Amino acid sequence: MSDFNQPLSGNEMPRFGGIASMFRLPVQLSAEGLDIAILGVPLDCGTSNRAGSRYGPRQIRAESVLVRPYGMATKAAPFDSFQVADTGDVALNTYNLEKSIAIIERHFDEVLASGAKTLAMGGDHTITLPILRAQAKVHGPLAVIHIDAHADMNDHMFGESITHGTIFRRAIEEGLIDPTKMVQIGLRATGYAADDFDWARQKGVKVVPAEECWYQSLEPLMQEVREQIGAEHPVYLSFDIDGLDPSVAPGTGTPEPAGLMTSQGLEVIRGVFGTNLVGADLVEVSPPYDTTGNTALLAANLMFEMLCSFPGCERRD
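Numbering of the sequence shown is given in numbering that gives the first Met the number 0, commencing with residue 0 and proceeding in unit increments.
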């Protein structure tokens, strides 16, 4: 019998019954005793187009009841490898973005002080900045693998320096990220100028537009990424669901056509295994724009793959 928390089996309680915690895991308010804390950050007042990602954590949890405990292709067994629990949501100030960012940072400071790694679900992409601030206090400048339709490297938006479209510029400026160990995958669509992606490139970021990913496996790319980052440097994975094509993930605030396919998203996350992953997030799921729940279901499966990519996750023969 494993000493680790196990998801509630569909043979014990029907998947449409019971409490919809993340992966049907136990819920605890503290991260004490955990290897990985799963937590929701239901913020969407940093978004620039369609709001609604504040409902992301709740919907992802509801759809996660269908995720089973073993990866059939990878043979990964995260719940036999780590002590994992759902630690609930960050209690935000829904009327003040600046105060919410400070609340998120303090919350992650406490989780990291307990010794747990973090797997967060948003919420809009603004949440990643305070998480990176907390992570960098522990680990120093991080390597970052960023999947997104957008670079999120704007200097300002409507005069504001912190929004979901400016966070990685701020993170580089603040020294939270080592830009020579950062890769952005899936950037695409229209912009304001031909040099929109050049600021990051000039800092040393590897930018992989979606067009370079079309019609091919991304396993070779992830091998290059692992070589670029190395096996020891602390890594943070940030996955914006709009990095995927809206045909597979329509429930998001800023969809862009011609994105990554689901299989490519899986390849990217699986390709992180072998790095020193210390934290991850899945952001920008906006349930009001996908009444089928399929975007949230996909997000839950991507988060399972993230669990499987933390170092030390057992692979079964």
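For glycine and all other residues, C-beta sits at the position ideal for the given N, C-alpha and C.
Predicted, not measured: the structure shown is a model, and the values here were computed from it.
Counting other Cβ atoms within 10 Å of its Cβ, P233 reaches 16 or more and is therefore classed as buried. Between the alpha carbons of S99 and R49 lies a gap of roughly 19 Å. Residues of the same chain with a CB within less than 6 Å of the CB of H163, apart from the 5 flanking positions on each side, are G45, T46, D123, H124, T125 in chain order. Cβ-Cβ distances below 7 Å link G17 to L7, R23 in the same chain, with the five nearest sequence neighbours on each side left out; the list follows chain order.
In the three-state DSSP reduction, S113 falls in the coil class, being neither helix nor strand. In this structure the region 258-265 touches the region 232-248; the number of beta carbon pairs closer than 8 Å is three or more. A direct Cα-Cα distance of roughly 28 Å separates D289 from S308.
Going by DSSP, S308 is part of no alpha helix (DSSP H) at all; its letter is neither H nor E.
Of the other Cβ atoms in all chains shown, fewer than 16 fall within 10 Å of the Cβ of M71; this residue is therefore exposed. Taking a cut-off of 8 Å for Cβ pairs, the region 139-150 and the region 104-123 do not touch, as fewer than three such pairs fall below it. At least 8 Å separates the beta-carbon of N4 from that of A61. T274 has its alpha-carbon roughly 14 Å from the corresponding atom of K116.
In the same chain as R200, and ignoring 5 residues on each side of it, the C-beta atoms closer than 7 Å to its own belong to V206, in chain order. In this structure, Y54 and P219 do not form a Cβ contact; the two beta carbons are roughly 37 Å apart against a cut-off of 8 Å. If you keep only unbroken beta strand (DSSP E) runs of at least 3 residues inside the region 242-288, you get 275-282.
DSSP links P233 through a beta bridge to N275. In the three-state DSSP reduction, K136 falls in the helix class (H, G or I). Pairing E313 with S80 gives a Cβ-Cβ distance under 8 Å. Shown here, L296 sits in a helix according to DSSP, grouped into three states.
By DSSP's assignment, K74 forms no beta bridge with any residue. For the pair of segments examined, the region 29-45 was found to touch the region 84-96: the number of CB pairs separated by less than 8 Å reaches three. A30 and Y191 have their C-alpha atoms spaced approximately 43 Å apart.
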